[in-house]
Amino acid sequence: MRFGDWPQGATRFVMILWAAIALLVAPQAAFAQDQAEAPAAEAAAAEPATAASDATPAAAGYEPLGPEWIKGQPTPGGWDVQPQFSPIGDTASGLHVGLMWVMGIICLFVLALLLWVIVRYRRGANPTPSKTTHNTFIEVVWTLVPVLILVGIAIPSISLLTDQYQSPPKDAVTIKVTGYQWYWGYGYPDNGGFEVISNMMPEDEAKAKGLPALLEVDNRMVVPVDTPLRIQTTAADVIHSFAVPSLWFKIDAVPGRLNERLLTIDEPGIYYGQCSELCGARHGYMPIAVEALPRDQWEAWVRSQPGGTVGDEAEAEAAAPAPVADEGGEATAEDADGTDAAAETN
Ligand SMILES: [Cu+2]
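With mature numbering (1 follows the signal peptide of the UniProt record, and there is no 0) as the guide, the letters of the sequence shown map in order to residues -32 to -1, 1 to 314.
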């Protein structure tokens, strides 16, 4: 090969490869998007029948949903993000899949270039190496193309970021989540101000009921489905983090502060999460169980709580002091039996 030949060859190779990648990327990204959306759509389509048979009888009173309603939980051997059940989760997991494709294609492209150089320009095949040091066209290409890729990634990333921190609308249902060592409290200030104390269900009991041990709780955080929820988090002792992977939701619970995020759940079901900030000896034993119910069943649940009110009832009773559920006694007793020392070592 003569001096000056290889840059042209290389340029042609790079151009052809980029054209091929451009052709590949567009349909695959669209395919990935479809895949991400398909399960949710199927589940939604299948929903009404199950909802009618299983959950409607409970509308009059309140029955906790059974294991057949579990939708968000880790699976053995799982390596991908959990299926998503919120609008933000759908967008974010779609972006995640798209980015994995971009990363994969770039890695393969660089690997292919590397292998090509190693084979084609080894000493045996190319005894007189070219002395070329600059090629303006290639330099412009390998500067511009990465810039365009990064801009292409930045646009959906930034819009996702702003969507995630959108303020909840005025009519959103407020739930104040308080992290305690080591259990959760769920306050409903718009519905009479009662607080539900949520401790991990003992393993034997959970297994007997067919519910996931270490994730199930005695009292779930019950919320209405398809309704904007204003989730506010705080903590009573140390920093905790309220995280539910299948709802694409994670926010720190910090003592003395109130963090807030909007959450909307697409489908009725049970969604599990865990405290995700190392908070002491029993950090691994303060799971989160979110139970999303159709609006009428959720209202029935609210009315079954001490001081629970719905809509105008809440305004009428706003002046009255709100009673607080006293299930916390058990957890407080746990605190006393020697775990204070552990808390101090955090
Ligand atoms: Cu915690």
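Glycine is no exception: its CB is placed at the ideal position from the N, C-alpha and C atoms. Being a predicted model, the structure only gives us computed values, none of them experimental.
Identity of the residues DSSP links to residue i by a beta bridge
i: Phe217; result: Val212
i: Val258; result: Met189 and Tyr239
i: Leu230; result: Arg198
i: Arg38; result: First, the residue type needs correcting, since residue 38 is Ile and not Arg in the sequence shown. Ile238.
i: Pro223; result: Ala203
Cut-off 7 Å between Cβ atoms - residues of its own chain near residue i, not counting five sequence neighbours on either side
i: Leu261; result: Val190, Pro192, Val193, Pro236 and Trp269
i: Gln41; result: Pro180, Leu183 and Tyr240
i: Ser244; result: Ser209, Ala211 and Lys218
i: His251; result: Trp150 and Cys243
i: Leu82; result: none
Within 8 Å, strictly: CB atoms of residue i and residue j
i: Cys247; j: Gln134; result: no
i: Pro255; j: Val185; result: yes
i: Pro137; j: Pro196; result: yes
i: Arg198; j: Leu226; result: no
i: Asn159; j: Val278; result: yes
i: Arg188; j: Pro32; result: yes
Through-space distance from residue j to residue i, alpha-carbon basis
i: Thr59; j: Asn94; result: 50 Å
i: Ile233; j: Val115; result: 36 Å
i: Ile219; j: Ile143; result: 13 Å
i: Trp37; j: Thr43; result: 15 Å
i: Ala249; j: Val206; result: 12 Å
i: Ile123; j: Gln132; result: 14 Å
i: Gln265; j: Gly275; result: 17 Å
i: Gly173; j: Leu67; result: First, the amino acid is wrong: residue 173 is Glu here, not Gly. Taking the straight line joining both Cα atoms gives about 42 Å.
i: Leu238; j: Ile165; result: Note on residue identity: the sequence assigns Ile, not Leu, to residue 238. If you take the alpha carbons of Ile238 and Ile165, they lie about 17 Å apart.
i: Asp139; j: Val119; result: 36 Å
i: Pro157; j: Phe53; result: 25 Å
i: Glu259; j: Ser125; result: 29 Å
i: Lys39; j: Arg91; result: 59 Å
i: Ile121; j: Leu112; result: 14 Å
i: Trp84; j: Leu76; result: 12 Å
i: Val87; j: Trp216; result: 46 Å
i: Thr96; j: Gly72; result: 34 Å
i: Gly257; j: Asp48; result: According to the sequence as given, residue 257 is Ala; it is not Gly. The alpha-carbon atoms of Ala257 and Asp48 are separated by roughly 21 Å.
i: Thr101; j: Tyr89; result: 16 Å
i: Asp303; j: Ala80; result: Confidence at Asp303 is low in this model, with a pLDDT of 43, below 50, so its placement is unreliable and the value that follows should be read with caution. Approximately 59 Å between the Cα atoms of the pair.
i: Gly45; j: Lys177; result: 23 Å
i: Ser214; j: Val141; result: 20 Å
Residues near residue i in its chain [Cβ-Cβ closer than 6 Å; skip 5 each side]
i: Met169; result: Glu184, Val185 and Asp186
i: Thr130; result: none
i: Arg263; result: Pro192
Cutoff 8 Å; reference residue i; Cβ partners in own chain excluding five residues on either side
i: Gly29; result: Ala268 and Ser272
i: Ile117; result: Val70 and Ile74
i: Leu128; result: Ile56, Thr59, Ala60 and Leu63
i: Ala221; result: Val145, Thr146, Gly147, Thr201, Thr202, Ala203, Ile207, His208, Ser209, Phe210, Asn227 and Glu245
i: Lys175; result: Ala181
i: Glu171; result: Ala181 and Leu182
i: Tyr253; result: Trp150, Met168 and Leu182
i: Glu107; result: none
For this session: Return the chain-ordered ranges of every alpha helix (DSSP H) run that is complete within the segment 137 to 212 and spans a minimum of 4 residues.
Result: With a minimum length of 4 residues, the continuous alpha helix (DSSP H) runs that stay inside the segment 137 to 212 are 171 to 176.
For this session: Run through the segment 48 to 110 for me and flag every whole alpha helix (DSSP H) of 4 or more residues, listed as ranges in chain order.
Result: List check, alpha helix (DSSP H) in window: 55 to 88.
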